[in-house]
Amino acid sequence: MPKANVTFEKLGLTVTVPAGTRLIEISEKIGAGITYGCREGECGTCMVRIVSGMEHMSERSVLEDKVLQENMAGRDHRLACQAQVLGGDIVVRG
Numbered sequence: 001m002p003k004a005n006v007t008f009e010k011l012g013l014t015v016t017v018p019a020g021t022r023l024i025e026i027s028e029k030i031g032a033g034i035t036y037g038c039r040e041g042e043c044g045t046c047m048v049r050i051v052s053g054m055e056h057m058s059e060r061s062v063l064e065d066k067v068l069q070e071n072m073a074g075r076d077h078r079l080a081c082q083a084q085v086l087g088g089d090i091v092v093r094g
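Under UniProt numbering, the residue at position 31 of the sequence shown is numbered 31, and the numbers go up by one with no gaps.
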């Protein structure tokens, strides 16, 4: 199964996780402190910035894209409760 290396910039910590893992799950496991509310991609509380490795992330869903647009987020932002890592190296600020 493919793996991804996810670095949480604020912690300076890199973890290796299976492809398909959501960023919020990784944050909870290592205590990265990403705040979240609904976990359904509707509130925008868990918005993070992908510093590098966006090409290794799942595509935005229609709902996630709508919430990000409503929050005037840039193309480098994702909702941690929706964004899945697909492999490669990813750096997250959140």
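Beta carbons are placed, not taken as given, at the ideal position from N, Cα and C, and that holds for glycine. Predicted model, so just to flag it, every value in this text is computed and none were measured.
Q. Using a Cβ-Cβ cut-off of 8 angstroms (strictly less than) and excluding sequence neighbours within five positions of residue 86, which residues of its own chain qualify?
A. Working through the sequence shown from its first residue, we reach residue 86 at position 86. Counting only Cβ-Cβ distances below 8 angstroms, and skipping sequence neighbours, we find 2, 4, 19, 20, 56, 57, 58.
Q | Uninterrupted alpha helix (DSSP H) stretches inside the UniProt domain "2Fe-2S ferredoxin-type" (4-94) (no shorter than 4 residues) | A | Within the UniProt domain "2Fe-2S ferredoxin-type" (4-94), the complete alpha helix (DSSP H) segments at least 4 residues long are 23-30, 62-70, listed from N- to C-terminus.
Q: Please work out which residues of its chain come closer than 8 angstroms, Cβ to Cβ, to residue 68, disregarding the five sequence neighbours upstream and downstream, and give them in chain order.
A: Reading the sequence shown from its first residue, position 68 is the one you call residue 68. The residues are 44, 47, 60, 77, 78, 79.
(Q) Rounded to whole angstroms, what is the Cα-Cα separation between residue 82 and residue 65? (A) For the purposes of this step, residue 82 is taken as residue 82 along the sequence shown, with counting starting at 1. For the purposes of this step, residue 65 is taken as residue 65 along the sequence shown, with counting starting at 1. So the two alpha carbons sit approximately 10 angstroms from each other.
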